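Residue numbering for the sequence shown follows the numbering used here, beginning at 865 and increasing consecutively.
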Amino acid sequence: MIFITAKFRVKPEHAENWPEISRAFTEATRAEPGCLWYDWSRSLADPNEYVLVEAFRDDAAGAAHVGSDHFKAAQRDLPPYLAETPRIVNAKVDQNDWAELGELAVRD
């Protein structure tokens with residue numbers, strides 16, 4: 865799978881509304897057949913920063929995402945709300961779902 869984590873620093877005046885601002889793009893991406901997950905979290909250290917964790921089945925699914933109409937709309941519509949260009953980590957991972965963190969295993 866393609867595993868991506870990106871950090872979005874949102875302008876302070878838009879930070880509270882970022883989930884709604886990005887909602888259409890988020891919902892359209894989650895509906896893509898090759899999207900495994902697409903989840904936002906808000907930083908505890910910086911209330912203006914959101915972290916996106918996303919995964920796509922394979923290269924074809926990633927290409928379909930980047931080539932989609934909703935991706936093009938996001939390229940046009942989202943940057944005015946951002947304080948800086950998002951930062952990204954993008955890697956291919958030989959798995960198709962989350963694995964358990966054995967070091968913190970929950971025992972019955």
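The beta carbon of each residue, even a glycine, is placed where N, CA and C say it ideally should be. Predicted model only: the values in this text are computed from it and were never measured.
Just the Cα atoms here: how many angstroms apart are residue i and residue j?
{"i": "residue 973", "j": "residue 942", "result": "As shown, the chain starts at 865 and ends at 972. That puts residue 973 outside it, with no answer to give."}
{"i": "residue 940", "j": "residue 958", "result": "33 Å"}
{"i": "residue 967", "j": "residue 878", "result": "38 Å"}
{"i": "residue 924", "j": "residue 971", "result": "39 Å"}
Shortest alpha-carbon distance to residue i belongs to which of the options?
{"i": "residue 876", "options": "951, 944, 952 and 965", "result": "944"}
{"i": "residue 897", "options": "914, 929, 889 and 951", "result": "929"}
{"i": "residue 906", "options": "968, 881, 961 and 966", "result": "881"}
{"i": "residue 937", "options": "879, 888 and 874", "result": "888"}
{"i": "residue 873", "options": "963, 904, 931 and 865", "result": "904"}
{"i": "residue 953", "options": "910, 917, 883 and 964", "result": "917"}
Under 6 Å Cβ to Cβ from residue i, same chain only, skipping five residues before and after it: list those, please.
{"i": "residue 885", "result": "945"}
{"i": "residue 893", "result": "899 and 902"}
{"i": "residue 961", "result": "none"}
{"i": "residue 955", "result": "867"}
So residue i and residue j are in contact, right, with Cβ under 8 Å, and what is the actual spacing, rounded?
{"i": "residue 926", "j": "residue 920", "result": "5 Å"}
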